Every structure is written in structure tokens, then in C-alpha cells.
Amino acid sequence: MRTSFDFSPLSRSSVGFEHLFDLLDSASRLAPNDNWPPYDIVRVGENQYRIAMSVAGFAPDEITITHEQQMLTVTGAKAGEDDTEYLYRGIAARNFERRFQLADFVTVTGANLANGLLKIDLVREIPEQMKPRRIEIHQAEALSAGEASKQIEGEKHAA
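Sequence positions in the sequence shown follow our numbering and run 1 to 159.
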């Protein structure tokens, strides 16, 4: 049973969140996919993350990592047909494509493949003008009692 959500009440009372509502809408429409290859997402530091994917049987030249806008795509394609006769094949060597939606200002800093694990390092670098900053409040000089009582009177004109 598929449930559809209506985000229009939220979009009527918000400004600038259209991208978020589009993401939620597209995520609810995605067909269930297989969970292969398995992966972990780890927070390494305050603004540092790592994606670790199990890609046993793939060489570094058979894996492509693409980062464009806010989408990270990891694709694995075996180079050629394996003509080995397997009695039992438990290591899945099928082609795959895994997509990760990245938050604003998250960039890929590196990737390495060791012991069947592909590790992709990410960092979130917020530009200086986007970081919260403290605004100094200046004290205005208060008027003395004598200055407050002075009034400027103009000439009265006949109506």
C-alpha cells in the first residue's frame, strides 16, 4: 500500500523551501530498490563524513564516483565477462549504481578502495557569509531632561 503526502499546506506558509518539498515528494515516489551494495554513513568530525561501501570483487578502475550539484553517484561496472566456471558464486559481482543526496555545501574530498571497502570522504564547508554572526548592538545616547522638554515652535498661519 502506497501512501501519498500532500505538502501544499506547508508550502502555503513558507518561503524558499520549495527544494525541500520537491525532495520529499520525489523520495516518496521512488520505487523500492535493492540494498546492494551495502554501505555505512559515518560522522567522522563536526563537519566531516565518510561513506563506506562494500564492493568486494571490484577493482578501482571498475568504479566511477561522480559528484554534481547535490548528488553523489557511485557506479560499479565489471570490465568484461568472466569465463570462470563457478560451482557456487556467493560474491555478487553485478553492476550497481548508488545515489546519495548531499546537503548544501557538502563536497567530496577523497576516496580510496582497500580490502573490499570503498571509502568516500565528505566535508561540509559553509561559506563565511553563510555562517551565523553576532550583531553588535550600540547604546543610543539618552536625551537629558532639559533637552526633552525643549520644543520648537513655528509660526501659526491663518487658515
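Every residue gets a Cβ at the ideal spot worked out from N, C-alpha and C, and that includes glycine. Here the structure is a predicted model, which means the values were calculated and not measured.
Check the C-beta distance from residue i over to residue j and give it rounded, since I have them as a contact under 8 Å.
| i | j | result |
| --- | --- | --- |
| K119 | A52 | 5 Å |
| V74 | G116 | 14 Å between Cβ atoms; not a contact. |
| Q48 | M71 | That pair is no contact at about 20 Å. |
| E136 | F105 | So it is not a contact: roughly 26 Å between Cβ atoms. |
| L113 | P60 | 5 Å |
| I65 | G76 | With a Cβ gap of about 10 Å, I65 and G76 do not count as contacting. |
| V108 | H67 | 5 Å |
| A93 | K78 | 6 Å |
Give the secondary structure of residue i by DSSP, where H, G and I count as helix, E and B as strand, and everything else as coil.
| i | result |
| --- | --- |
| M1 | Reliability of the predicted coordinates at M1 is poor, the pLDDT of 48 falling under 50, and no value is obtained from them. |
| L20 | helix |
| E136 | coil |
| D6 | coil |
| E141 | coil |
| E97 | strand |
| P127 | coil |
Using the rule of at least 16 other Cβ atoms within 10 Å of the residue's Cβ for burial, across every protein chain shown, is residue i buried or exposed?
| i | result |
| --- | --- |
| V42 | exposed |
| V44 | exposed |
| F58 | buried |
| L122 | buried |
| R98 | buried |
In the DSSP assignment, find the beta strand (DSSP E) that holds residue i and state where it starts and stops.
| i | result |
| --- | --- |
| T66 | I63 to E68 |
| L117 | L117 to R124 |
| I91 | Per DSSP, I91 belongs to no beta strand (DSSP E) and is neither H nor E. |
| N112 | V106 to A114 |
| M71 | M71 to G76 |
| A52 | Q48 to S54 |
| V42 | Y39 to R43 |
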